[in-house]
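Chemist: There's a structure below that I have some questions on.
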Amino acid sequence: MEPAADGGAEAAEAAKPQVARWFAVQVASSCEKKVKATLEQRAVTLGVSNRIPEIEIPQTPGVKLKKDGSRQSIEEKVFPGYVLVRMVLDEDTMMAVRSTPNVINFVGQEERRATGKARGHIRPRPLSRQEVDRIFKRAAEKKPVLKVDLTEGDQILVTAGPFKDFQGEVIEVSGERSKLKALLSIFGRETPVELEFSQISKQS
Numbered sequence: 013m014e015p016a017a018d019g020g021a022e023a024a025e026a027a028k029p030q031v032a033r034w035f036a037v038q039v040a041s042s043c044e045k046k047v048k049a050t051l052e053q054r055a056v057t058l059g060v061s062n063r064i065p066e067i068e069i070p071q072t073p074g075v076k077l078k079k080d081g082s083r084q085s086i087e088e089k090v091f092p093g094y095v096l097v098r099m100v101l102d103e104d105t106m107m108a109v110r111s112t113p114n115v116i117n118f119v120g121q122e123e124r125r126a127t128g129k130a131r132g133h134i135r136p137r138p139l140s141r142q143e144v145d146r147i148f149k150r151a152a153e154k155k156p157v158l159k160v161d162l163t164e165g166d167q168i169l170v171t172a173g174p175f176k177d178f179q180g181e182v183i184e185v186s187g188e189r190s191k192l193k194a195l196l197s198i199f200g201r202e203t204p205v206e207l208e209f210s211q212i213s214k215q216s
C-alpha cells in the first residue's frame, strides 16, 4: 500500500533526527514584533518551547531625522514582513506557528493538489547555512541608515555644505541613498540640487 501523497513527506521529515533548523515565516505588514512575542508565549503554552528555541527579527541600526531636526536611534528590519524561527519541524511546531495571529505562512515549496484549482499546501523549506550566515552577517555589519521624516513639497533649510542657509522645497526623496532633491533659489532661479539628509533640517 502506497503512502498518501499529502503528509507523507512531512511524516518522513518528522522521522529524521530532531534538529532545529531556521525557517522564514511571512507575517502581516508591521506585525513582526507582535508575532515574535505571541509565538514565544504560545510555544510555552503549547509545550513546544524546547522545539522552538529561537525567534528572530534581523535588524540593523538606523537614525531617523525628525521634523524638528533632532535625531532618533531606530532599528531597521532587514526583511520587513518576515520573522525567522529556529525550530524542530513537526506537526505540533508547524501548527503552533501557522495558527499564530498575523502569520501568513511559511516560506517554502508549494505542493500542488492533484485535483481542483485551489492552492496547494506549503511545505516549509529550511534556510541553508549560507542563507542564515548571510542574513545575520548583514544585520551585524550594516552601517546605520539615516531615515528622514520628509515628503515632496516640504520646506527645508540647508544646514551644511556649499548651499548652507539656502531654503528650498523638496521635490524627491531617496531613502535608500539617504539623499533628496530640493528646489533652491539660486541667483533668482529655482534650481534642483541633490542634498544629503544630514545637510538639511525641515522647516515647520
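Last residue of the sequence shown: 216 (this note's numbering), numbering continuous.
All residues carry an ideal CB built from backbone N, CA and C; glycine is no exception.
Consult DSSP for Gln84 and reduce its assignment to one of helix, strand or coil.
Modeler: strand
Chemist: What is the rounded straight-line gap between the Cα of Ala130 and the Cα of Gly120?
Modeler: Only weak support exists for where Ala130 lies, its pLDDT of 48 falling under 50; the coordinates are left without a value.
Chemist: Taking the alpha carbon of Lys45 as the reference point, which residue from Trp34, Phe91 and Gln84 has its own alpha carbon closest?
Modeler: Phe91
Chemist: Relative to the C-alpha of Asp102, which candidate in Ser140, Arg146, Ala32 and Val144 has its C-alpha closest?
Modeler: Ala32
Chemist: Among the residues of its own chain, which have a CB less than 8 angstroms from the CB of Met215, if the five just before and after it don't count?
Modeler: Note on residue identity: the sequence assigns Gln, not Met, to residue 215. Contacts found: Asp166, Gln167, Ile168, Leu169 and Gln179.
Chemist: Might you give, ordered along the chain, the residues of its own chain that have their beta carbon closer than 8 angstroms to the beta carbon of Thr50, omitting 5 neighbours on each side?
Modeler: Thr112, Pro113 and Asn114
Chemist: Would you give the residue range spanned by the alpha helix (DSSP H) that Leu51 belongs to?
Modeler: Glu44 to Thr57
Chemist: Please classify Ile64 as buried or exposed, where buried requires at least 16 neighbouring CB atoms within 10 angstroms.
Modeler: The residue in question, Ile64, is buried, as its Cβ has 16 or more Cβ neighbours within 10 Å.
Chemist: Measuring only the C-alpha atoms, how far is Val47 from Val39?
Modeler: 8 angstroms
Chemist: Check the DSSP bridge columns for Leu207 and list the partner residues they point to.
Modeler: Leu192
Chemist: Taking Val109 as part of the alpha helix (DSSP H), name the residues at either end of that continuous run.
Modeler: Glu103 to Arg110
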